[in-house]
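The sequence shown runs 1 to 250 under full-length UniProt numbering.
We put the CB at the ideal spot given by N, CA and C, even for glycine.
Please read the structure below before turning to the comments.
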Amino acid sequence: MNDISELIDFHYLWNLLAILWFILCWGGYTRYATWKGRDTPCLASVMHLYREDWMRRLLLRDNRIADASVIGNLERNASFFASSTLIILAGVLTVLGSTDRAVSILADLPYVEPASRGISEVKLLAIAVVFVYSFFTFSWCMRQYNFAAVLVGAAPMIGERNVGDQERKDFAVRTARVISLAANQFNLGLRSYYFGLAMLAWFINPWFFMLITAGVVLVLYRREFHSAVLEVMVYTPTTQAAEPPKEKNE
């Protein structure tokens, strides 16, 4: 038994188990959210319906400055996160260049499990990989919002007689779909931030990292499928429903 324990380094084993759990939670939740969103109201599916309504109403007005401004604001949000990701990557690479000092600082903190330089470098590289993925996701989101801005600029005007009703409907559906694709990339990038922050718990110990990763999945599920803002968007009261009931004369 002692010979087996000497051959197996349980410290490396728990770290391997933790990163596999992390990948399973992230990839599994992404697939689950995509699958469940097909037949269950969620933030992504409900917002897509509102985007279709937005594009249909856009075709009913000549002045589309406000619509272009909204697209620009959405693109700037993605640009902000893409720029922030580069700053985070610069910080991670800086720490990676002075791993010994970082390990000694972490060793002085309470509840932190001591780790070798090799394991610490693997953890930092894993965080860097997550935020590299985040940068590419946000940059692709920015490009898709650029495509959406072009589509908004190419929207048929009200007075165009050579554009039929079916063409207008198809345009609204296509443009809403492009905006939803961009929003989906933004959501994926934001999700990578959640999981990237969860990786900080890995420097404490693998068990805490696994616990925080599971907590991130629960938070994401709660917000995307059972949040208060989703209830408000799913249930939009009509004017009649908003009016107080009239008293009956007896």
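> How many angstroms separate the CA atom of L58 from the CA atom of L24?
Replying inline: 42 angstroms
> Taking Cβ to Cβ, would you say E75 is nearer than 8 angstroms to Y145?
Replying inline: yes
> By Cβ distance below 8 angstroms, which residues in the same chain neighbour A128 in space, the five residues on each side in sequence not counted?
Replying inline: L89, V92, L93 and L96
> Smallest Cα separation from F81: which of L49, W140, V122 and E121?
Replying inline: W140
>> Going by DSSP, what residue range makes up the alpha helix (DSSP H) through Y133?
In response: R117 to G153
> Where do the ends of the alpha helix (DSSP H) carrying M55 lie?
Replying inline: L43 to L58
> Could you check where the alpha helix (DSSP H) with P156 kicks off and where it finishes?
Replying inline: Neither: P156 is in no alpha helix (DSSP H) and is coded neither H nor E.
>> List, from N- to C-terminal side, the alpha helix (DSSP H) runs of 4 residues or more that fit wholly inside the stretch 150–237.
In response: 165–198, 206–225 and 228–234
> Is V112 helix, strand or coil when you go by DSSP?
Replying inline: coil
> For H11, does the three-state DSSP call read helix, strand or coil?
Replying inline: helix
> With burial defined as no fewer than 16 other Cβ atoms inside 10 Å of the residue's Cβ, what is the status of W26: buried or exposed?
Replying inline: buried
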